[in-house]
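Protein chains in written order, with this note's numbering: chain A, -11 to 466; chain B, 9 to 520.
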């Protein structure tokens, strides 16, 4: 008994589910980054004024010059079914085709289309055939999903549009096809790539012979390059990314292909790739922080029976290079209110950095898709000798603020609605949304995550002698 | 269905929430799906509010959709009543949840049985009115509720204040320069010897509403929020109101004269002519600016004005009457107020455009080629594309409309601020024009090679195609720094060809 008490950590992670009265962004916000990522796309959000005003205001994304997304604003006549949905959508999509001529139109269904039971999946194939532009339907609604899960709904829908090997071959010109036949399946997979890249590949060290690998998750192009190169160093070839820069370059996905996610909020996409496309999912921690990146690469290597090279040194070198940042946060506490589903990965990374995580709020916890990440979190806590944090799914912001005022963490990572009020009460905060938009994946971006995490601490360190820590007259009756 | 790229006014619930959270000690409960509560973000970020926004969402999720809210909304109201002890809880659905047609009135009734404070359902149609109309309506609803309550309890105070006094109605959170206007109007009232009885709703308690009738009159500076309340108070309590927007020297004077009439009708003996004259000719700089040589150069220049009714109409009058600028187009997105707008600006402009379609306005601006635009953030961007300067005079609000310093649009200081805005818009435009004319200060071509280019050539460094492609992906403002650091790294490492891999290795090594 005494021995057990001496152990600082409970044996397993504790999960809790609260009232769900919490603030996060609507999942349609994924439009803001996906339209930039997929350069030949057009996103049509089918919803109300509430949806449109959100995109315009809260996201700070104003729809200006040459927009590639728009609202199909539902009006009273649409709601009361006086108008024909098909005819209305056709009119709008024809005008989009005329003005923008995208390679794909992504319909983003919202809460309202759910409630009025608009059959978007039923309408899309007919309209697609009629106007000759692929229409992908994603239900990024706030009834079922939170914030970043919007991307999950879009990628899950796009996964079904990825060509099979056969379909990809049928699209290629005859000459290339001949070459493909002689070169076998491996050559074929490189077909979507540009000519010069193939030349580079040919010159470099040969890749190991492994089954095709497709990575999923929308990340900025520099991250795509970095992660691809990182795997190349291990002799692993990335055959494609979902999504690609162009919709027309969607990766080939077929039975027996291996897939790995780069973000923790993509459980539906993973399920779709497994169930509908018969792919094999590599369940790994996510490549955030040097520890996570190493675990991610090693897991992919292990699946392909490849001995990873130099990972330990690489991780150590990264840690060494960010020591100046680690000094700032080591021994400090951090509290996640829960917003973008990156919480577990970030908590694991910050624990490894020497911080104590007091609570992890998270909108939704898929224990299967995040299993490897949760296991790494547990392992990291044990190794670092810090208590295991409580994980609160569907948090209640009011209750959390009570706890924050008791715990007084050194840093609270929170959504935008609570940042200023907490700062006014002398609590350091960082917007969780910044981690959504910043480049945080891979070895090379460790410094960037730490730059974000330490900024409030460094800033408030600058101000600490000025004597104005609390800027509210009395504790608000929260 | 409407294809929309931009909205000039928000949805109805935003208007309701603006009113509710302007009051002190009032909480709002939204019956809404996850993410619809972004009002909290807007208030926290734009207003830089120190306190938690008193708005809680009672989340509508799949369960609620399948089985109805049942106890959820009632529980959330009662819980908030206990936690925060607000005087009033306002319940509002959003566009989405209003379609569910749940009996929210019944929820409110049940919740009020278990609550210490009052509970009210915001009475607006979410598909027929916008943010501005909903705000106007919600304020009137709350005022009506508390007047009725006071009447029933016999707590309505009798009689007027001893000295002339005013209620300023329509000041709200997230309003366009509202807090600055409010301060300016308070100053103006003080100078006129008028006490401010109440400002509604910003910073007021709902328990003070019953005292509104003590004021001698109501001042409604904005067309968008307040008129319904003022009209209601006139019918109910016989209170006169002044609804002339005191923007610009001429209109401010007209507003003050209207106040004078209202006061003198009630037995006061005030004469503000000397004050108006003093302010106009010697205190404010706006009238002098109109006479100055600077303004002479603006004579006959063409301008387009677009905004909400209040600001667009006032701006048209200022430009046309006080500065001699030729307003070629005056427009508003307040379609429901088109008649009033046309009557106000008809004689001061060539053309009137009432529309919510930003494309239509943009096209018209492009055709008219004005020398300056005075519009919303949208027109500012249209101006950017067309290379026409634009001063922002109206909502939708933007972080720029919450300056830390003092920037009113109303009263005499407001007139000064508008002069600055107009002058800067035009002259900066002219400056650009002159720069273009004389070839500018800076040569456009860079004549010497950059340091890094020289160094790279000397060291025999070259960028591979993929390295260069990767470099191009880096944002322009840091690209030069990244390029220099990468080349330095490559030299140190003895790498001849900089590939994408080298670029990222450099980033890792030196944080390039």
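The beta carbon of each residue, even a glycine, is placed where N, CA and C say it ideally should be.
Can a CB atom of chain B be found closer than 7 Å to the CB of residue 42 of chain A?
As a working note, residue 42 of chain A is residue 54 in the first chain. Closer than 7 Å to some Cβ of chain B, the Cβ of residue 42 of chain A qualifies, so yes.
How big is the Cα-Cα spacing for residue 320 of chain A and residue 397 of chain A?
To locate residue 320 of chain A, count along the first chain from 1; it is residue 332. To locate residue 397 of chain A, count along the first chain from 1; it is residue 409. The straight-line gap from Cα to Cα measures roughly 8 Å.
Using alpha carbons as the reference points, say which of B/36, B/91, B/414 and B/138 lies closest to residue 344 of chain B.
Sequence index remark: in the second chain, residue 344 of chain B carries index 336 (1-based). Nearest of B/36, B/91, B/414 and B/138 to residue 344 of chain B, Cα basis: B/138.
Just mark residue 62 of chain B as buried or exposed, buried being the case when its beta carbon has 16 or more other beta carbons within 10 Å.
Within the second chain, the letter at position 54 stands for residue 62 of chain B. Result: buried.
Could you tell me which residues DSSP puts in a beta bridge with residue 505 of chain B?
Residue numbering aside, residue 505 of chain B sits at position 497 when the second chain is read from its first letter. Answer by DSSP bridge pairing, in chain order: B/470.
Per DSSP, which residues does residue 179 of chain B bridge with? Please list them.
In the second chain, residue 179 of chain B corresponds to position 171, counting from 1. Paired residue(s): B/209.
Does residue 369 of chain A come out as helix, strand or coil in the three-state DSSP assignment?
As a first step, residue 369 of chain A must be located in the first chain, where it is residue number 381. Helix, per DSSP.
Using 8 Å as the threshold, is the region 224 to 232 of chain B in touch with the region 122 to 136 of chain B, meaning 3 or more CB pairs across them?
In short, these stretches do not touch, since the Cβ pair count stays below three.
Buried or exposed: residue 471 of chain B, going by 16 or more other Cβ atoms within 10 Å of its Cβ?
As a first step, residue 471 of chain B must be located in the second chain, where it is residue number 463. Label assigned to residue 471 of chain B: buried.
Can you give me the start and stop residues for the alpha helix (DSSP H) that residue 33 of chain B sits inside?
Mapped onto the second chain, residue 33 of chain B falls at position 25. Note, residue 33 of chain B: premise wrong, no alpha helix (DSSP H); not H, not E.
Can you find the residues in the same chain that come closer than 6 Å, C-beta to C-beta, to residue 260 of chain A, ignoring five residues on each side of it along the sequence?
Here residue 260 of chain A corresponds to residue number 272 of the first chain, with the count starting at 1. Excluding positions up to five away in sequence, the list reads 144 and 147.
Which residue or residues does DSSP assign as beta-bridge partners of residue 310 of chain B?
By one-based count along the second chain, residue 310 of chain B stands at place 302. BP columns for residue 310 of chain B point to B/334.
At the 7 Å Cβ level, is residue 10 of chain B part of the contact set with chain A, yes or no?
Along the second chain, one-based indexing puts residue 10 of chain B at 2. So, interface residue.
My understanding is that residue 30 of chain B touches residue 181 of chain B, with C-beta atoms under 8 Å, so please give their C-beta distance in whole angstroms.
On the second chain, position 22 is the one that residue 30 of chain B refers to. On the second chain, position 173 is the one that residue 181 of chain B refers to. The pair is a contact, with the Cβ atoms about 5 Å apart (cut-off 8 Å).
At a Cβ threshold of 7 Å, is residue 13 of chain A touching chain B?
For the purposes of this step, residue 13 of chain A is taken as residue 25 along the first chain, with counting starting at 1. Yes, residue 13 of chain A lies at the interface with chain B (some Cβ there is under 7 Å from its Cβ).
Would you say the region 178 to 193 of chain B touches the region 411 to 418 of chain B, given that touching needs at least three Cβ pairs under 8 Å?
Contact between the region 178 to 193 of chain B and the region 411 to 418 of chain B is present, because at least three Cβ pairs lie under 8 Å.
Just the chain B side, please: which residues come within less than 7 Å of residue 112 of chain A by C-beta, in chain order?
Walking along the first chain from the start, residue 112 of chain A turns up at place 124. What residue 112 of chain A touches in chain B: nothing, since even the nearest Cβ is about 15 Å away.
Distance check for residue 65 of chain B and residue 514 of chain A, CA to CA, integer angstroms please.
Given that chain A is displayed from residue -11 to residue 466, the structure contains no residue 514 of chain A and the question cannot be resolved.
Tell me the start and end of each unbroken alpha helix (DSSP H) in the region 31 to 88 of chain B that is at least 4 residues and wholly inside, in chain order.
Within the region 31 to 88 of chain B, the complete alpha helix (DSSP H) runs of at least 4 residues are 47 to 54 and 70 to 75.
Between residue 32 of chain A and residue 58 of chain A, which are expected to be in contact by the criterion C-beta below 8 Å, what is the C-beta distance as a whole number of angstroms?
Along the first chain, one-based indexing puts residue 32 of chain A at 44. Along the first chain, one-based indexing puts residue 58 of chain A at 70. Contact holds; Cβ gap of about 6 Å.
Three-state secondary structure (DSSP) at residue 399 of chain B?
Mapped onto the second chain, residue 399 of chain B falls at position 391. Residue 399 of chain B: strand per DSSP, three-state reduction.
Is the Cβ of residue 506 of chain B closer than 7 Å to any Cβ of chain A?
In the second chain, counting from the first residue as 1, residue 506 of chain B sits at position 498. It does not: the Cβ of residue 506 of chain B has no partner Cβ on chain A nearer than 7 Å.
Compare the C-beta of residue 300 of chain A against all C-beta atoms of chain B and say whether one is closer than 7 Å.
In the first chain, counting from the first residue as 1, residue 300 of chain A sits at position 312. Not closer than 7 Å to any Cβ of chain B, the Cβ of residue 300 of chain A fails to qualify, so no.
Give a yes or no on contact between the region 226 to 243 of chain B and the region 299 to 306 of chain B, applying the rule of three or more CB pairs nearer than 8 Å.
Counting Cβ pairs under 8 Å, fewer than three are found: no touch.
Give me the chain B residues within the contact set of residue 324 of chain A, using Cβ-Cβ distance strictly less than 7 Å, ordered along the chain.
On the first chain, position 336 is the one that residue 324 of chain A refers to. Those within 7 Å of residue 324 of chain A in chain B number zero; the least Cβ separation is about 17 Å.
What are the residues that DSSP puts in a beta bridge with residue 419 of chain A?
As a first step, residue 419 of chain A must be located in the first chain, where it is residue number 431. Beta-bridge pairing links residue 419 of chain A to A/402.
What residues from the region 393 to 413 of chain A come within 8 Å of chain E, judged by C-beta to C-beta, listed N to C?
No chain E appears in this structure, whose protein chains are A and B.
Whole angstroms is fine: what's the gap from residue 517 of chain B's alpha carbon to residue 501 of chain B's?
In the second chain, residue 517 of chain B corresponds to position 509, counting from 1. In the second chain, residue 501 of chain B corresponds to position 493, counting from 1. Their backbone Cα atoms lie some 11 Å apart in a straight line.
How many angstroms separate the CA atom of residue 458 of chain B from the CA atom of residue 474 of chain B?
For the purposes of this step, residue 458 of chain B is identified with residue 450 of the second chain, where counting begins at 1. For the purposes of this step, residue 474 of chain B is identified with residue 466 of the second chain, where counting begins at 1. Unreliable placement is indicated for residue 458 of chain B, whose pLDDT of 47 sits below 50; the coordinate value is still reported in the next sentence. Between residue 458 of chain B and residue 474 of chain B, the C-alpha separation is close to 22 Å.
Looking at residue 380 of chain B and residue 433 of chain B, is the spacing between their C-beta atoms short of 7 Å?
Counted from its first residue, the second chain places residue 433 of chain B at position 425. Counted from its first residue, the second chain places residue 380 of chain B at position 372. Yes, the pair counts as a contact, with Cβ atoms nearer than the cut-off.
So does the region 19 to 38 of chain A actually touch the region 332 to 339 of chain A, counting three or more Cβ pairs closer than 8 Å?
Output reads no: the region 332 to 339 of chain A does not touch the region 19 to 38 of chain A.
Anyone know if the C-beta pair for residue 467 of chain A and residue 232 of chain A falls short of 7 Å?
For residue 467 of chain A there is no data in the structure shown, the boundaries of chain A being -11 and 466.
Taking 7 Å as the CB-CB limit, is residue 132 of chain B close to chain A?
As a working mapping, residue 132 of chain B is identified with position 124 in the second chain. So no, residue 132 of chain B is outside the interface.
Would you kindly work out how many angstroms separate the C-alpha atoms of residue 181 of chain A and residue 267 of chain A, rounded to a whole number?
Along the first chain, read from residue 1 onward, the residue named residue 181 of chain A stands at position 193. Along the first chain, read from residue 1 onward, the residue named residue 267 of chain A stands at position 279. Note that residue 181 of chain A scores a pLDDT of 44, beneath 50, so its modelled location is shaky; the value from the coordinates is reported in the next line. Roughly 21 Å separates the two Cα atoms.
Does residue 44 of chain B pass the burial test, meaning 16 or more other C-beta atoms within 10 Å, or should it be called exposed?
Position 36 of the second chain, counted from the first residue, corresponds to residue 44 of chain B. Residue 44 of chain B should be labelled buried.
So the beta strand (DSSP E) residue 5 of chain A belongs to, where does it begin and stop?
Looking up residue 5 of chain A in the first chain gives position 17. First-last of the beta strand (DSSP E) with residue 5 of chain A: 2 to 5.
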